[in-house]
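With UniProt numbering, letter number 341 in the sequence shown gets 341, and the count goes up by one each step, no holes. By construction, the Cβ of each residue, glycine as well, lies at the ideal position given by its N, Cα and C atoms. Computed from a predicted structure; not experimentally measured.
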Amino acid sequence: MIKDRMFDNSMNECHIYRLIVRVSDLVTLRFCVPEEVVAETPNEHRSNRSMLRELLELFCPKVSFSCLKPALSTPKVEELLMKIDETPMYTRYKIGILLCKAGQQTEEEMYNNQKSSDAFDEFLDFLGRRVCLKDFDKYKGGLDTRGDTTGTHSLFADYAGNEIMFHVSTLLPFTPSNKQQLSRKRHIGNDMVTVIFQEPGSLPFKAVTMRSHFQHVFIIVRVDNACTEHVTYRVAVSRAKSVPAFGPAIPEGGRFTKNTKFKNFLLTKILNAENAVQRSKRFAYLTSRTRREALKDLADKYVQPPVNEGAAKLASRILGGSVRRRERMLPRPISDYCLRGAFSWVVEVQDHSTGQRSQCVLGISVDTLVLLEPPTGAVIFATSTQSILGWTNGEFGYIQNLL
Numbered sequence: 001m002i003k004d005r006m007f008d009n010s011m012n013e014c015h016i017y018r019l020i021v022r023v024s025d026l027v028t029l030r031f032c033v034p035e036e037v038v039a040e041t042p043n044e045h046r047s048n049r050s051m052l053r054e055l056l057e058l059f060c061p062k063v064s065f066s067c068l069k070p071a072l073s074t075p076k077v078e079e080l081l082m083k084i085d086e087t088p089m090y091t092r093y094k095i096g097i098l099l100c101k102a103g104q105q106t107e108e109e110m111y112n113n114q115k116s117s118d119a120f121d122e123f124l125d126f127l128g129r130r131v132c133l134k135d136f137d138k139y140k141g142g143l144d145t146r147g148d149t150t151g152t153h154s155l156f157a158d159y160a161g162n163e164i165m166f167h168v169s170t171l172l173p174f175t176p177s178n179k180q181q182l183s184r185k186r187h188i189g190n191d192m193v194t195v196i197f198q199e200p201g202s203l204p205f206k207a208v209t210m211r212s213h214f215q216h217v218f219i220i221v222r223v224d225n226a227c228t229e230h231v232t233y234r235v236a237v238s239r240a241k242s243v244p245a246f247g248p249a250i251p252e253g254g255r256f257t258k259n260t261k262f263k264n265f266l267l268t269k270i271l272n273a274e275n276a277v278q279r280s281k282r283f284a285y286l287t288s289r290t291r292r293e294a295l296k297d298l299a300d301k302y303v304q305p306p307v308n309e310g311a312a313k314l315a316s317r318i319l320g321g322s323v324r325r326r327e328r329m330l331p332r333p334i335s336d337y338c339l340r341g342a343f344s345w346v347v348e349v350q351d352h353s354t355g356q357r358s359q360c361v362l363g364i365s366v367d368t369l370v371l372l373e374p375p376t377g378a379v380i381f382a383t384s385t386q387s388i389l390g391w392t393n394g395e396f397g398y399i400q401n402l403l
């Protein structure tokens, strides 16, 4: 819990309390409480203990204050808390890619494609860059970077601060005597997201032909007019029922030309697919269990020695004063874009005065939409969410709000 000094739109000084509550659920609770809504006792005479108790009673009544223990103020505790907060965040991804040639449909046929094709090579070079696995110093995605047991080269991409290692079927070792191609399947079959590249004449994809309990999303990319100036790609998605829908939305017809916009669209779709799988019921439970164990370990090993509970309660009553709350009143106006927590995305905003797009941070809270200019954090635009009538789809996943 910290106390912040801020200034409202009229440059009047005001104070807020910021509180973070971490529980075993994957959502961390963050509260910003104006000083006006807490107890009537002057806050400068209140102990941190009594103030924290009141804030929890107000906003987290299910959290028992008596079960909380003061943590040690050490860099190790800060490091562990950072790791806990980063548990549901991912910046490294491993994605499978299978080649489906003309007349093929089953996974066995795709895994047994020994060699690539011109159309497939064109797509791979468009999607990422080929890297030599020997002594590769970035994310390797489970591939061997010492002895070439998983092939000599692979496909890699850096995108929006994320590292993506692709497990490409034709770049993984081929075993003539093994129809199941286990040396390939043990990588691609354990990827949550798989890209199916279909050449002209390939049969319609059926997810039921893929015998894997780990593959949850298939992104099908079908090429037309490969290796020509008029090459286009059609995109479709097949996902397990437990996986929630994810964006960006595929435009009507699902046909794209080979350009940077399509590359960004496809890479974003791939990353969002794995993020959606991670938030499905099965994987969310596993992540929640890991988070719960980390919090339990922190509470067991990194807390201050116990104090005399009776003395602490007496001191709380004497120093904390009355916890009787004043009649609720509307707090002084505070700039919501400085106060509220929000979901945020890096977006491109059309500047109609110059005709150019600028990169910004879009934040949406319960009641405010705000656009910030990185890295200064300057507010470009802010409005109440109540003034937004809806959203319209734009080209290649762009959206426009209606005010």
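Taking only three categories from DSSP, how would you classify Ser238? Collapsing the DSSP output to three states places Ser238 in a strand.
Buried versus exposed call for Glu107 [16 or more other C-beta atoms within 10 Å across all chains shown]: With 16 or more other Cβ atoms within 10 Å, it is buried.
Please go through the same chain and pick out, in chain order, the residues whose beta-carbon is closer than 7 Å to the beta-carbon of Tyr159, but skip the five residues on each side of it. Leu267, listed in sequence order.
Tell me whether the stretch 193–211 and the stretch 88–103 touch, counting them as touching only if at least three CB pairs, one residue from each stretch, are closer than 8 Å. The stretch 193–211 and the stretch 88–103 touch, with no fewer than 3 CB-CB distances between them shorter than 8 Å.
Under the three-state reduction of DSSP, which class applies to Tyr139: helix, strand or coil? Coil at Tyr139, not helix or strand.
For Asn113, does the count of other Cβ atoms within 10 angstroms reach 16, so buried, or fall short, so exposed? Label assigned to Asn113: buried.
Ignore the nearest five residues each way along the sequence and tell me which others in Leu124's own chain have a CB closer than 6 Å to its CB. So the list reads Leu155, once near-sequence residues are dropped.
Pair every Cβ in the stretch 247–266 with every Cβ in the stretch 286–306, then say whether three or more of these pairs are closer than 8 Å. Taking 8 Å as the limit for Cβ pairs, the verdict is that the stretch 286–306 does not touch the stretch 247–266.
CB-CB under 8 Å to Ile16, same chain, minus the five flanking residues each way: which ones, in chain order? Once the five neighbours on either side are set aside, the close Cβ partners of Ile16 are Lys3, Asp4, Met6, Cys32, Val33, Pro34, Glu35, Ile334, Leu339.
Glu54, enclosing alpha helix (DSSP H) - first and last residue: Element bounds for Glu54: 48–59.
Would you check if there are 3 or more beta carbon pairs closer than 8 Å linking the stretch 245–253 to the stretch 269–279? Verdict: yes, contact present.
What residue does the alpha helix (DSSP H) around Ile270 start on, and which one ends it? Per DSSP, Ile270 belongs to the alpha helix (DSSP H) from 260–278.
In its own chain, which residues sit with a C-beta less than 7 Å from the C-beta of Glu163, not counting the 5 before and 5 after it? In the same chain as Glu163, and ignoring 5 residues on each side of it, the C-beta atoms closer than 7 Å to its own belong to Thr91, Arg92, Lys138, Tyr139, in chain order.
Ser358 - DSSP class collapsed to helix/strand/coil: Ser358: strand per DSSP, three-state reduction.
Which complete beta strand (DSSP E) runs does the stretch 71–151 hold, if anything under 3 residues is left out? List check, beta strand (DSSP E) in window: 92–100, 129–132.
Using the Cα positions of Asp148 and Lys241, report the straight-line distance between them to the nearest angstrom. Straight-line spacing of the CA atoms in Asp148 and Lys241 works out to 37 Å.
By DSSP, does Ser387 sit in helix, in strand, or in coil? Helix, per DSSP.
Let's test the definition: count the other Cβ atoms within 10 Å of the Cβ of Val360 and tell me whether it reaches 16, buried, or not, exposed. Residue identity check: residue 360 is Cys in the sequence provided, not Val. Label assigned to Cys360: buried.
Selection from Ser387, Leu389, Leu372, Ile388 that minimises the alpha carbon distance to Phe381: Closest by alpha carbon: Leu372.
C-alpha distance - Gly142 paired with Arg292, whole-angstrom precision: If I take the Cα positions, the gap works out to 27 Å.
Would Val195 pass as an interface residue toward chain C - the criterion being a Cβ-Cβ separation below 9 Å? The structure shown has no chain C; it contains just one protein chain.
Could you tell me which residues DSSP pairs with Leu155 in its beta bridges? Answer by DSSP bridge pairing, in chain order: Arg130, Phe166.
For Asp191 and Asn178, what's the separation of their Cα atoms in angstroms? Counting only the Cα atoms, Asn178 lies some 21 Å from Asp191.
Nearest-angstrom Cα distance between Ala342 and Gly377? Cα to Cα, Ala342 sits roughly 14 Å from Gly377.
Other residues of its chain near Val347: CB distance less than 7 Å, five sequence neighbours each side excluded: Cys360, Leu362, listed in sequence order.
Which residues does DSSP list as the beta-bridge partners of Asp351? Asp351 is bridged to Gln356.
Is the beta carbon of Met210 closer than 9 Å to that of Thr194? For the pair Thr194 and Met210, the CB atoms are nearer than the 9 Å cut-off.
DSSP puts residue 404 in a beta bridge; with which residues? It is not possible to answer for residue 404, since the shown part of the chain is limited to 1 through 403.
Please state the DSSP three-state secondary structure of Leu203. Under the three-state reduction of DSSP, Leu203 is assigned to coil, being neither helix nor strand.
Extent of the continuous beta strand (DSSP E) to which Phe283 belongs: Looking at the DSSP string, Phe283 is not in any beta strand (DSSP E); the run it does join, the alpha helix (DSSP H), is 281–301.
Residues of its chain near Asn272, where Cβ-Cβ distance is below 7 Å and the 5 sequence neighbours each way are ignored: Counting only Cβ-Cβ distances below 7 Å, and skipping sequence neighbours, we find Phe246, Gly247.
Could you name the residues of the same chain whose beta carbon sits closer than 6 Å to that of Ile364, not counting the 5 residues immediately before and after it, in chain order? Within its own chain, the residues whose Cβ lies closer than 6 Å to the Cβ of Ile364, once the five positions on either side in sequence are excluded, are Ala342, Phe343, listed in chain order.
Distance check for Thr392 and Thr385, CA to CA, integer angstroms please. Spanning the two alpha carbons is a distance of roughly 15 Å.
Take the Cβ of Lys269 as the centre, count every other Cβ of all protein chains shown within 10 Å, and call the residue buried at 16 or more, exposed below. Residue burial annotation: Lys269 is buried, with at least 16 other C-beta atoms found within 10 angstroms of its C-beta.
His187 lies in the beta strand (DSSP E); which residues open and close that run? Run containing His187: none in the beta strand (DSSP E); it sits in the alpha helix (DSSP H), 182–188.
Helix, strand or coil for Phe246? Go by DSSP, reduced to three states. Note: Phe246 maps to coil in three-state DSSP.
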